[in-house]
Amino acid sequence: MKNSPYILSLAIATAATLGAAPAMAKGKLNVLCSTDTDWCSLMETSFEAETGIDVSLIRKSSGEAYAQLRAEAKNPKIDIWWGGTGDPHLQAAAEKLTQVYKPKALSSLRDWAQNQAKVSGYRTVGVYAGALGFGYNEDILKSKGLPAPQCWKDLTKPMYKGEVQVANPNSSGTSYTALATFVQMMGEDTAFDFLAQLHKNINQYTKSGSAPIKAASNGETAIGITFIHDIVKQVKKGYPVKAVAPCEGTGYEVGSMSIVKGARHLREAKVWAEFALRPDIQTMAAKANAYQVPSNQSATTPPGAPDFDTLKLIDYDFAKYGAADTRQHLLQRWDNEIKSLPR
Amino acid sequence: MKHSFIPWLLLGWVGFLLMPWYLLEDGFWSFVWLTDGYPTDLYYAPAILQGLLGDKLWLLPIALPLLAPLRLMSLTKNDPRYSRYLIYSGAFGLIYMMGQGFAIGVTGWQFAGLDSLFGELEQQQYGFGYGAMLCGLSFLILLTTGLAARGFLKGDVFVTGSIGLIVALVGVFVFFPVSQVLISAFMDNDGAFAPTAFLGKFFSDNIWSLSCLSSGYTCGTAWNSLALAIMTATITTLLGLSFALVVTRTGFRWKRSLRLLTVLPIITPPFVIGLALILLFGRSGVVTQFFADVFSIEPGRWLYGMPGVLLAQVLSFTPISFLVLIGVVEGVSPSMEEASQTLRADRWRTFVNVSLPLMRPGLANAFLLAFIESLADFGNPMVLGGDFDVLSTEIFFAIVGAQNDQGYAAVLAILLLFFTLSAFFLQRHWIGKKSYTTVTGKADSGAYMGVNHGMKLACYMTALPWAALTIVIYGMIMFGGFVQNWGYDNSFTLQHYQDAFSIGWGEFGVIWEGAAWDSLWTTLSISALAAPFTAIVGLLTAYLLVRQQFKWKSTFEFGTMLSFAIPGTVIGISYILAFNVPPLELTGTGVILIICFVFRNMPVGVRGGIAAMSQLDKSLDEASLTLGANSLMTFRRVILPLLRPAIIAALVYSFVRAITSVSAVIFLVSADHNMATSYIIGLVENGEYGIAIAYCSVLILVMLVTIIGINLSVGKRRLRRTESISHTPTTSSPSFKEKHA
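Protein chains in written order, with the working numbering: chain A, 589 to 931; chain X, 10 to 750.
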């Protein structure tokens, strides 16, 4: 006996203590949430309070969430994926990682939300929308004596050299939306000319999509390109930034929701889906400082959110620009023609 | 007891006859299964009943290798049948168990060929549970005991068993998952085999371009990573040595606080150092603004890119070098230095020709660790990288970014692996086969030689400003949790702490209201569980490597070091790929996190153990063995007590790394087991710096308390009767020195 490595076996046995698989209580739901933490927990608590279903919620960015769904495809642990930009939801739909579900509220949703469902073959549906724009730090522009930019074209003016930030479209869905927006607005070749000019003013391509406006808030850059609702959030926090809806018009994202194929708690997932599309629940988002436009027509748009009726929104082709080959082509071209250019 | 394998065989029988064979949905330790239909309910049934009642006939043959060794009871160890039976039983049991586990899964047959061979299978099986685990362990030990009886490793059952166990663990938890992800380097995105795509990705300009040397274009990620790692490793090793010398070889007054200070950066959650550096040296940073006001230097953005990442990495990794080097510098025997001085060498010559060469393994280890850490570092390049792309972040974004190209990620991972492994071999080559033994068990007293004046000055000049910078940074962090909007609106508030850590009183006692409690408890319990396992596995491996001679030793060493060289992102993805489906179904549990930490941090325990153990003379073991102790006893009673600094380092390091690691964890956390860092990332992504920093400060405090606690409870190893340092300025006369000491 004394020859045996019993310490180790003891160790392994104890390690396995935490190996207990999560409990399967009656009425349980595993939610993958890709919005801000505040909004995630607001949804979790109000859903639990109303339905009594025990929610296990984890927050991951939409890229991480999509990677997890792909990895778990053979044996999914997540029941529903709520929030996060629409492209990865569409990709998941295209790979049949999510399942067809037509929520009852579908007809009372705004056009872009219904369109999102249609494009995906009803594997996903729009929950909210956010328009692309840019924000600037008033203090910095003032101290440098620069005028506030109003249009996309303004951002290429030499006076803003080294003052503009945007994320790398290879890493950020936000920035890919921007790239696709420019291509749809200007045509591909003109768009890449524009990007090459813009490149001279860019001080850094960040990894995360909302990083540029945070850098602008802290004065690390003067101008950041990102979604307007992210800029509004910084404004409400008290930073000296201003949001701009560009004069030429702009593109937008559709934050979506998908039920995972092979969900273990399908009934509860459907309850969540209906819950998340209700007008009162969508109106509640303002409490969590979410300034996106809700998808239900009867929900109230939070004050400060971009008004989709007055914005010049382009007719964003989600099917084409969400597709894998268009994406690969544009990203490749961006890598080859823009990223490594000298400034 | 007559045969050492008997308890292990019993364990196997318990696993087969009594324990639930499959993974339980409600968890084993809830013991719901005991009252809910066990043993006949097929969710909970042990293998024997699964086979007899549940039509899972393929489980019954597992009894055979458990029956066979029963015949050995009457035999002696020297009987050739003894070893043969054990080897056959163990090997058959293991192979059969794994084979059936992989062949039959949740959806019946897992390989297309089996469908046509045996027809559609209606039964399904879930992941291995405790019954299967015990059986597997039993088979493994039967096998190694049999091999020992064959004469492997001089018939040492403990050593054979340990090697077998470590090989099995590393195989299952490192090689198996990583192979899954590396295979995908040769796949296109749809999972088809595409070797040409591999070549295209591998030789792409994104990785290998050198155009930054000749023009304004950017260089490839491979060169960026490599240059950064070499610089970081060089600087941290020098700084670490300088700190170690200040603490052990000078009369510096605040040694103890210096020791603590150098441990600070290691207990820092990722992102925080980067954020603090931005607030100090960023364009609107305090220091930058000061220089702008006083010297009217235009505020620049130099921090974003290589200089910033280098600064942050050196801040983060110097303590690792220090932890490695302090043990080594302390371990250099004063008598060697005294001998040199007696022979009229001055302090400088003694240091260069005696002390420094004796520290070579430590220096090489420190360099290697920093090099690998820098390559795998994720948090700092993430925050400060700017356009300076390195491999680790590129891998992450290749997987989660808009590209979603797992193949490219795998290619980058292979490259990263290649770099770290090259470093590993270079380091081995450099240390060579010389003897560095200085702790011998022979009479060995004396005072440490102080370093000479210039050297002392140099150490002070490097270590102290660095320490000051560290203090400032931590001051900034602690301060950051108490202000409204860090860096902009610096008015005092307690709001962030309230949001994260408020506690309420309700009907049933305390209510943990704050948003952070959940992830904090999970993090602490998982890290605390992982730390001792890491230390045990690591030191045991080190013992085997340093003290035992066996075939394939260098392969064994390579295998145990491998996990350190694999970037966390790759580990995370590979664990999901490997452990999401039966037979090893671990995703969504806490165990997957523990296992991930143990095998990721094990190499630190191994290296620390090796560095410390190669200074212990083998005569100590031999003495113990001559006096009749076996190898287990020797390990426990002689080696372990002398390894205390290494044990402390391994415990502290693994605990702290588990708390602060990010890149692997992101993929492995689940709703029920969320970790602090992944929670903090969410906060940082949303710009909730206040709460994030408040949370980080609390983590830092917790880790600090733990480190002090561990240090106090494990205590200091006593190598010699006196541990003093001579302060004499010039003369090296021993008699003079003794008076002062």
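Glycine included, every Cβ here is placed at the ideal spot set by N, Cα and C.
Alpha-carbon spacing of residue i relative to residue j, whole angstroms
| i | j | result |
| --- | --- | --- |
| VAL519 of chain X | ALA876 of chain A | 26 Å |
| LYS690 of chain A | TYR879 of chain A | 26 Å |
| LYS442 of chain X | ARG369 of chain X | Any reading at LYS442 of chain X must be qualified, since the residue scores a pLDDT of 48, below 50, and its modelled position is unreliable; the value itself is stated next. The straight-line gap from Cα to Cα measures roughly 12 Å. |
| ALA609 of chain A | TYR135 of chain X | For ALA609 of chain A, the predicted model reports a pLDDT of 36, less than 50, meaning its position is unreliable; a value from the coordinates is still stated below. ALA609 of chain A and TYR135 of chain X: Cα-Cα distance of roughly 12 Å. |
| ASN389 of chain X | GLU631 of chain X | 47 Å |
| LEU254 of chain X | TYR662 of chain X | 21 Å |
| PRO735 of chain A | ALA833 of chain A | 16 Å |
| TYR716 of chain A | ASP903 of chain A | 17 Å |
| VAL429 of chain X | VAL295 of chain X | In the sequence under discussion, the amino acid at residue 429 of chain X is Thr, which differs from the Val named in the question. So the alpha carbons of these two residues sit roughly 37 Å apart. |
| MET464 of chain X | ASP165 of chain X | 48 Å |
| ASN924 of chain A | LYS825 of chain A | 38 Å |
| LEU596 of chain A | LEU146 of chain X | Confidence in LEU596 of chain A is poor, its pLDDT being 42 and thus under 50, which makes the residue's placement too unreliable to answer from. |
| ALA587 of chain X | GLY750 of chain A | 45 Å |
| ALA418 of chain X | ALA407 of chain X | 5 Å |
| ASN789 of chain A | ILE813 of chain A | 12 Å |
| CYS228 of chain X | HIS787 of chain A | 17 Å |
| GLY637 of chain X | ILE719 of chain X | 33 Å |
| HIS682 of chain X | ASN758 of chain A | 30 Å |
| PRO890 of chain A | GLY797 of chain A | 22 Å |
| ALA613 of chain A | GLY640 of chain A | Here ALA613 of chain A scores only 42 on pLDDT, less than 50, and its place in the model is too uncertain to base an answer on. |
| LEU247 of chain X | VAL337 of chain X | 14 Å |
| PRO894 of chain A | HIS817 of chain A | 7 Å |
| MET642 of chain X | PRO186 of chain X | 35 Å |
| GLY599 of chain X | PRO676 of chain A | 28 Å |
| ALA857 of chain A | GLY615 of chain A | 10 Å |
Neighbouring residues, chain X, relative to residue i (Cβ below 7 Å)
| i | result |
| --- | --- |
| ARG647 of chain A | GLY691 |
| GLY651 of chain A | VAL409 and GLY410 |
| SER629 of chain A | ALA524 |
Under 7 Å by beta carbon: chain A residues contacting residue i
| i | result |
| --- | --- |
| ASN683 of chain X | ILE646 |
| SER706 of chain X | Going along chain A, no residue has its Cβ under 7 Å from SER706 of chain X, so there is no contact; the nearest lies around 18 Å. |
Cβ-Cβ distance between residue i and residue j below 8 Å
| i | j | result |
| --- | --- | --- |
| ALA206 of chain X | ASP197 of chain X | yes |
| SER364 of chain X | VAL333 of chain X | no |
| PRO591 of chain X | SER672 of chain X | no |
| CYS739 of chain A | GLY671 of chain A | no |
| THR888 of chain A | THR871 of chain A | yes |
| ALA766 of chain A | LEU901 of chain A | no |
| ILE668 of chain X | ALA680 of chain X | no |
| THR712 of chain A | THR744 of chain A | no |
Chain-ordered chain A contacts of residue i [CB-CB under 9 Å]
| i | result |
| --- | --- |
| LYS310 of chain X | The sequence shown places Arg at residue 310 of chain X, not Lys. Per Cβ cutoff of 9 Å: GLY750, ASN791, GLN792, GLU808 and THR809. |
Integer Cβ distance of residue i from residue j, believed to fall under 8 Å
| i | j | result |
| --- | --- | --- |
| GLY674 of chain A | GLN704 of chain A | 6 Å |
| THR578 of chain X | PHE387 of chain X | 7 Å |
| PRO102 of chain X | ILE71 of chain X | Reading the sequence as shown, one finds Gly at residue 102 of chain X and not Pro. Confirmed, Cβ separation roughly 7 Å. |
| TYR53 of chain X | GLY63 of chain X | Not really, about 11 Å apart at Cβ, beyond 8 Å. |
| PHE37 of chain X | GLY138 of chain X | 7 Å |
| PHE161 of chain X | THR169 of chain X | 5 Å |
| GLY283 of chain X | ALA321 of chain X | 5 Å |
Per-residue contacts from residue i into chain A (C-beta, under 8 Å)
| i | result |
| --- | --- |
| GLY547 of chain X | In chain order: nothing, as chain A lies at least about 12 Å away. |
| ASP527 of chain X | In chain order: nothing, as chain A lies at least about 10 Å away. |
| ILE287 of chain X | ASN806 and GLU808 |
heavy atom of the ligand GDP below 7 Å from residue i C-beta
| i | result |
| --- | --- |
| ASP868 of chain A | The model on display carries no ligand, and the ligand GDP is accordingly not part of it. |
Interface residues of chain X facing residue i [CB-CB closer than 8 Å]
| i | result |
| --- | --- |
| GLU660 of chain A | ILE585, ASN589 and THR596 |
| ASP923 of chain A | ASN215 |
Partners in chain X for residue i, counting only beta-carbon separations shorter than 9 Å
| i | result |
| --- | --- |
| TYR909 of chain A | Simply none; closest approach about 11 Å. |
Taking Cβ-Cβ distances below 7 Å as the criterion, which residues of the region 749-773 of chain A are in contact with chain X?
-> PRO757, ASN758, SER759, SER760, GLY761 and TYR764
Could you please tell me which residues of the region 697-730 of chain A, in chain order, have their CB closer than 8 Å to any CB of chain X?
-> none
Near-chain X residues of the region 863-879 of chain A - C-beta to any C-beta below 7 Å | none
Listed in chain order, which residues of the region 369-395 of chain X have Cβ atoms closer than 8 Å to some Cβ of chain A?
-> MET391, GLY394 and GLY395
If contact means a Cβ-Cβ distance below 7 Å, which residues of the region 191-212 of chain X contact chain A?
-> Correct list: empty, as no residue qualifies.
Mind listing which residues of the region 665-681 of chain A have their C-beta closer than 9 Å to chain X's C-betas, in chain order?
-> Listed by position along the chain: LYS665, ILE666, ASP675, PRO676 and GLN679.
What residues from the region 291-325 of chain X come within 7 Å of chain A, judged by C-beta to C-beta, listed N to C?
-> GLY291, ARG292, SER293, ARG310 and TYR313
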